[in-house]
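As structure tokens, the structure follows; a few thoughts come after it.
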Amino acid sequence: MKAVVSKKMVNVINAIVFLIAGILFCISVSLGETYLWLVLGIGVLLIGLIIAVGDFLQQKSLITRTVIIGSLITAFGIYLLVHHELVATVMGLIPYVLIVAGACIFLDSFLLHFVRDKGNTKVFVLEFVVGIACIVFGILMLAVNGFKDDIGIVFGIFLILYSVYILFYTLLEDSKRKKGSK
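In terms of our numbering, the sequence shown has 165 at position 165, counting the first letter as 1, and numbering is strictly consecutive.
Written out as structure tokens, the structure reads:
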């Protein structure tokens, strides 16, 4: 069964959505709480939709782990739009999300490099740097008072960094595939 869209195209679309969400997040923080909940809700909603629809178009099935996760993220985005008073609570969770996401990316870099794909040093370095950056951002948000005031900006920077990571990872995988087919 051939996929409707390629994995590369889904990754590029994901990267663009994360980049736009990151930029909007950085901008919305300066506009005040009035727009913050709106940007957060719409951003989470779009990210969930892109993840779910992209995987559905690629796998041609609604019953995959990624489609279900994307659907849950979409539902959470809708919930944030309806119950905007929860945005302050969600903003307080961002440092912990960054630490956990960074640790997962960091662990994935080691598992990928040392267990599965020992020759791909570029992907290892990329994931290693992104993982460490996420952990450091999360710890700084918890430890330094100045960072607590700018959680939205730091999270926006994280989303931008994550979009760059997706693009580089996609390009590295694509160049690796092209080298292997020669």
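Quick reminder that beta carbons are idealized off the backbone N, C-alpha and C, glycines included.
Find the nearest neighbour of residue i within the set the options, judged by alpha-carbon distance.
i      : options                     : result
Gly102 : Leu161, Leu40, Ile23        : Leu161
Val87  : Ser61, Val44, Ile51, Phe124 : Val44
Gly48  : Ser61, Leu38, Ile78, Lys60  : Ile78
Gly187 : Ile68, Arg65, Ile153        : A question about residue 187 goes unanswered here, because the residues of the chain that appear run from 1 up to 182.
Phe128 : Phe106, Arg65, Thr89        : Phe106
Inspect the beta-carbon positions of residue i and residue j and report whether they are closer than 8 Å.
i      : j      : result
Leu159 : Phe25  : yes
Cys134 : Leu98  : yes
Leu72  : Gly41  : no
Leu36  : Ser28  : yes
Ile166 : Ile94  : no
Val123 : Tyr169 : yes
Which value, in whole angstroms, describes the spacing of the CA atoms of residue i and residue j?
i      : j      : result
Leu142 : Ile157 : 16 Å
Ser163 : Val12  : 9 Å
Gln58  : Gly70  : 14 Å
Val17  : Ile23  : 10 Å
Asp55  : Phe76  : 18 Å
Thr74  : Leu46  : 7 Å
Val82  : Leu38  : 10 Å
Ser109 : Gly131 : 8 Å
Met1   : Ser61  : Interpretation of Met1 is limited by its pLDDT of 47, a score under 50 that renders its predicted location unreliable; the figure taken from the coordinates is listed afterwards. Straight-line Cα distance between these residues: approximately 11 Å.
Leu172 : Val10  : 15 Å
Counting contacts by CB-CB distance shorter than 8 Å, is residue i in contact with chain C?
i      : result
Leu140 : The structure shown contains no chain C; it holds only a single protein chain.
Which residue spans inside the segment 63 to 143 form an unbroken beta strand (DSSP E) run of at least 3? Listed in chain order, the beta strand (DSSP E) elements of length 3 or more contained wholly in the segment 63 to 143 amount to none.
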